[in-house]
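Keeping their order, the protein sequence lines are chains A and B. First residue of the first sequence? That's 1 in the working numbering, and the numbers climb one at a time after it. First residue of the second sequence? That's 1001 in the working numbering, and the numbers climb one at a time after it. Cβ atoms here follow ideal geometry from the backbone N, Cα and C, with glycine treated the same way. See structure below.
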Amino acid sequence: MRRGVLLPGALLGLGTVVVAILAVRFGSSPFSNAEFLAVLSGGGSEWDRYVLWELRVPRMLMGILVGGGLALAGAVFQALLRNPLAEPYILGISGGAAAGAVGVLALGLASVTSWLLPAAAFGGALVAIALVFGVASSADRRLDVRVLLLSGVVVGAFFSACIALILALSDAPTMREAILWMMGSLSGASWRTVAIVAAYTLPAALLLLTLARSLNVMAIGEETASYLGTEVEQTKRVAYGVASLIAAAGVAFSGVIGFVGLVVPHTVRLLTGPDHRTLLPLSFIAGAGFLVLADLGARTLLSPTEIPIGVITAFVGVPFFLILLRRSLRG
Amino acid sequence: MKLSASSVTARYPGQSVPALDGVSMEVPSGTLYAVLGPNGSGKSTLMKAVLGTVPLVSGSIAIDGRRLEEWTRKELARKVGAVGQQESVAFPITVRELVAMGRYPHLGPLRPVRTEDRRAIDAALERCDAIRLADREVGTLSGGEFQRVRVARALAQEPRALILDEPTASLDIRHEMEILRLLRRSADEGITVLLITHHLNLAARFADRLLLMSCGQVAAEGSAEEVLVEETLERVYGWPVSVRADPETGTPRVTPKS
């Protein structure tokens, strides 16, 4: 069952911890090592303390939650839909969220209260989830994953059309703001938003981990899975609902961050095999480390300009994944 | 362990003709019971009905004397191993990992695989002549090897009953005979075996009882001599046949006429 899981697992965990420390150590406002240690031990200037504890630490934690959540949700969607191309946004969640967010931006309501934008994005994601679920479970009261995939893609396309319409009717600054939001960013992270996302993501992640064995057998087909004692319909509903909520919470507070949910689970699968009991937790850890690292790059590479984090995840994730894929094909 | 169906009717959504139309069947404990019939006659649906994966319009299924609805999926999987007609593996896994999934009904969500599980896995691989395939990736197996591995997975469940849908469909004669002998031996050891197959002659030779289906109904049931009758077969299959005793085995042998 386990092909050398311990070493890759330990390395991934260690890597994520190192990345998390680097992420709070470096940024556009530089610390010396002495200052960094001083702030960590409760000293330092008030500004430095503010930068570390109110900006960088919440942002790093948000990266861990969102990156880990997206990678975990991606792994679950790939097993559920039995499709290696699946990722957390494939079922229209990003489309719904973005439509909600872009609508708020276009109406100029984003500045009214800081809660409106994430609330609209989350609401949009929920509408998409409910629509897709409703269509896919209407036949015979069973959740048909092929219909799930199809209706997800179609619902996503519909929301894309809504976004295109809103953008076409917007002025240039709104359009820029909307496009930047859609590319994703962790810059809005605060302790309050971290607490909300954590309250969603952590229990949901634990629940998904208990499905690991069921997902293992679902990967060889629903019929066989039920012959092996899996409550297939229940597993599908829980997996779809919970993984969707994780993705929705992430997208509401940090926009549409691509590639994490697609590339990380595949990378972990290539490293440690397809057993979901290791794949799910390691995907969370690797996704967390990867997104925090990508955010560090986004903040520092062209400082003071911030690069959209989705660009970094694609620039780093895609070549890395392709190299790994080539190596695994060579055997 | 006894399997029984009484007046089972099942209909797929959107179909006007039921896939099963009042089918009754008694599979006594420790028998090898073969279900025969043309394509689309309801054999696979009967298997799914017994396993509770198609909803019934009417009638009932009992397993070990207990109504099917009273079993949880997990309880059922500890007692009944099943091999469906087809399956495909979505992600690359090894043969041993696939066979190890037969242990899932015996494990909780977190309980690790123990020595007794490993022993069951090895024994199942051994019995299906698949031990040397253990470390191969499932995607690299031939059709026949894959079938043997799937039967091994069902055996790893350590079931009291086995239900198999054409398990020898793509096997060469040696592996086909080995699987049938394995099923025969399992039945002799007290495991109830429900075998869906197109091979009338092998069913006649190995099975204790036969059930012949036609258009969702039972056309004939009984011993090979009772079921494999020329007029019945010609009516059910729509093709002229001759039935003679096989000189080698003495059991009925069906030969389609040209």
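Residues bridged to residue i (per DSSP)
i	result
A/Gly152	In DSSP, A/Gly152 forms no bridge with anything.
B/Asp1165	B/Ile1196
B/Val1218	B/Met1213
A/Tyr227	In the DSSP output, where bridge partners are listed per residue, A/Tyr227 has none listed.
B/Gly1081	B/Leu1162
A/Arg213	The partner list for A/Arg213 (beta bridge, DSSP) is empty, contrary to what the question assumes.
B/Thr1009	B/Ser1058
B/Pro1240	Paired residue(s): none; B/Pro1240 is not in a bridge.
B/Ala1245	B/Pro1252
B/Val1027	B/Leu1003
B/Glu1137	B/Thr1094
B/Leu1020	B/Ala1010
Whole-angstrom C-beta distance between residue j and residue i, which should lie under 8 Å
i	j	result
A/Pro88	A/Leu70	5 Å
B/Leu1228	B/Val1254	6 Å
A/Ala286	A/Thr267	7 Å
B/Val1089	B/Ala1154	Between B/Ala1154 and B/Val1089 the Cβ distance is about 16 Å, and since that is not below 8 Å, they are no contact.
B/Arg1096	B/Asp1135	7 Å
A/Gly255	A/Ser190	About 16 Å separates the two Cβ atoms, so there is no contact after all.
A/Leu167	A/Pro308	Their Cβ separation, rounded to whole angstroms, is 17 Å, which puts A/Leu167 and A/Pro308 out of contact at 8 Å.
A/Gly96	A/Gly124	4 Å
A/Leu202	A/Thr235	With a Cβ gap of about 21 Å, A/Leu202 and A/Thr235 do not count as contacting.
A/Ala172	A/Leu105	Rounded, the Cβ-Cβ distance is 13 Å, inconsistent with contact.
A/Leu65	A/Val197	5 Å
A/Ala23	A/Val292	5 Å
B/Ala1224	B/Thr1251	6 Å
B/Leu1182	B/Arg1127	6 Å
B/Leu1162	B/Ser1142	Between B/Ser1142 and B/Leu1162 the Cβ distance is about 23 Å, and since that is not below 8 Å, they are no contact.
B/Asp1188	B/Tyr1033	At roughly 14 Å, the Cβ-Cβ gap does not stay under 8 Å, so B/Asp1188 and B/Tyr1033 are not in contact.
A/Val263	A/Gly317	4 Å
A/Pro281	A/Leu169	Actually they are not in contact, since the Cβ atoms of A/Pro281 and A/Leu169 sit about 45 Å apart, beyond 8 Å.
8 Å Cβ shell around residue i - same chain, five flanking residues per side excluded
i	result
A/Thr336	Since the first residue of chain A shown is 1 and the last is 331, residue 336 of chain A is not available in this structure.
B/Lys1002	Glu1026, Val1027, Pro1028, Ser1029, Ala1062, Ile1063, Asp1064, Gly1065, Thr1192
B/Leu1107	Val1113, Asp1117
B/Pro1092	Glu1137, Val1138, Gly1139
Sequence-distant residues of the same chain with beta carbon closer than 6 Å to residue i, five excluded per side
i	result
B/Phe1307	Because chain B spans 1001 through 1258 in this model, residue 1307 of chain B falls outside it and cannot be assessed.
A/Arg49	Val39
A/Trp53	none
B/Leu1068	Gly1052, Ile1061
B/Tyr1237	Pro1038
B/Ala1245	none
A/Arg2	Below a pLDDT of 50, predicted positions are generally treated as unreliable, and A/Arg2, at 49, falls in that range; no measurement from the model is reported.
B/Ser1004	Glu1026, Ala1062
A/Gly13	Ile285
A/Ala20	Met60, Val292
B/Thr1168	Glu1176, Ile1179
A/Gly289	Gly15, Thr16, Val19
A/Cys162	Ala99
A/Ile351	The structure shown has nothing for residue 351 of chain A, since chain A only spans 1 to 331.
Cβ-based neighbour list, residue i, same chain, cut-off 7 Å, excluding 5 preceding and 5 following
i	result
B/Ser1044	Gln1085, Asp1165, Ile1196
A/Val17	none
B/Val1099	Ile1121, Ala1124, Leu1125, Val1149, Ala1152, Arg1153, Ala1156
B/Thr1140	none
A/Val132	Leu91, Gly92, Leu148, Ser151, Gly152, Val155
B/Leu1200	Leu1036, Leu1228, Val1254
B/Ser1242	Glu1230, Thr1255, Lys1257
Proximity test, residue i beta-carbon vs the ligand PLP heavy atom, cut-off 7 Å
i	result
A/Ser94	Absence of the ligand PLP is noted for the structure shown, with no ligands found whatsoever.
Listed from N- to C-terminal order along the chain, which residues in the segment 215 to 241 of chain A have their beta-carbon within a distance smaller than 7 Å of any beta-carbon of chain B? Those would be Asn216, Val217, Ala219, Ile220, Gly221, Glu223, Thr224, Ser226, Tyr227, Leu228, Gly229, Thr230, Glu231, in chain order.
Return the residues of the segment 1047 to 1078 of chain B that lie within a Cβ-Cβ distance of less than 9 Å from chain A, sorted by chain order. Of all residues in the segment 1047 to 1078 of chain B, the ones placed with a Cβ closer than 9 Å to any Cβ belonging to chain A are Lys1048, Leu1051, Gly1052, Thr1053, Pro1055, Thr1072, Arg1073, Lys1074, Glu1075, Leu1076, Ala1077, Arg1078, in chain order.
Residues of the segment 194 to 211 of chain A whose Cβ lies closer than 7 Å to any Cβ of chain B, in chain order: Going along the segment 194 to 211 of chain A in chain order, one finds Thr210 with a Cβ nearer than 7 Å to chain B.
Return the residues of the segment 272 to 291 of chain A that lie within a Cβ-Cβ distance of less than 8 Å from chain B, sorted by chain order. Within the segment 272 to 291 of chain A, the residues whose Cβ lies closer than 8 Å to some Cβ of chain B are Gly273, Pro274, Asp275, listed in chain order.
Residues from the segment 1080 to 1093 of chain B in contact with chain A, defined by Cβ distance under 9 Å: Closer than 9 Å at the C-beta level to chain A, one finds these residues of the segment 1080 to 1093 of chain B: Val1080, Gly1081, Ala1082, Val1083, Gly1084, Gln1085, Gln1086, Glu1087, Ser1088, Val1089, Ala1090, Phe1091, Pro1092, Ile1093.
Is there contact here, the segment 1043 to 1059 of chain B with the segment 1008 to 1028 of chain B, by at least three beta-carbon pairs under 8 Å? Touching, yes.
Below 8 Å, can you find three or more Cβ-Cβ pairs linking the segment 1068 to 1077 of chain B to the segment 226 to 233 of chain A? Yes, since at least three Cβ pairs between the segment 1068 to 1077 of chain B and the segment 226 to 233 of chain A fall closer than 8 Å, the two stretches touch.
Chain-ordered residues of the segment 147 to 181 of chain A with a beta carbon less than 8 Å from chain B: Cβ contacts with chain B come from no residue of the segment 147 to 181 of chain A.
Which of the residues in the segment 69 to 87 of chain A, read from start to end, lie with their CB under 7 Å from any CB of chain B? Listed in sequence order: Arg82.
Any contact between the segment 78 to 92 of chain A and the segment 202 to 221 of chain A? By contact I mean 3 or more CB pairs, one from each, below 8 Å. Yes, the segment 78 to 92 of chain A is in contact with the segment 202 to 221 of chain A.
Looking at chain B, which residues of the segment 246 to 273 of chain A have a Cβ within less than 9 Å of any of its Cβ atoms? Taking 9 Å as the upper bound on Cβ-Cβ separation, chain B lies near residues Arg269, Gly273 of the segment 246 to 273 of chain A.
Three or more C-beta pairs under 8 Å: does that hold for the segment 272 to 285 of chain A against the segment 56 to 72 of chain A? Contact holds: three or more Cβ-Cβ distances are below 8 Å.
Using a Cβ-Cβ cut-off of less than 8 Å, list which residues of the segment 1125 to 1145 of chain B approach chain A; keep chain order. Taking 8 Å as the Cβ-Cβ cut-off, the segment 1125 to 1145 of chain B has no residue approaching chain A.
Name the residues in the segment 1154 to 1173 of chain B whose C-beta lies less than 9 Å from a C-beta of chain A; which are they? For the segment 1154 to 1173 of chain B, the set of positions with a beta-carbon nearer than 9 Å to some beta-carbon of chain A reads Ala1154, Gln1157, Ile1163 in chain order.
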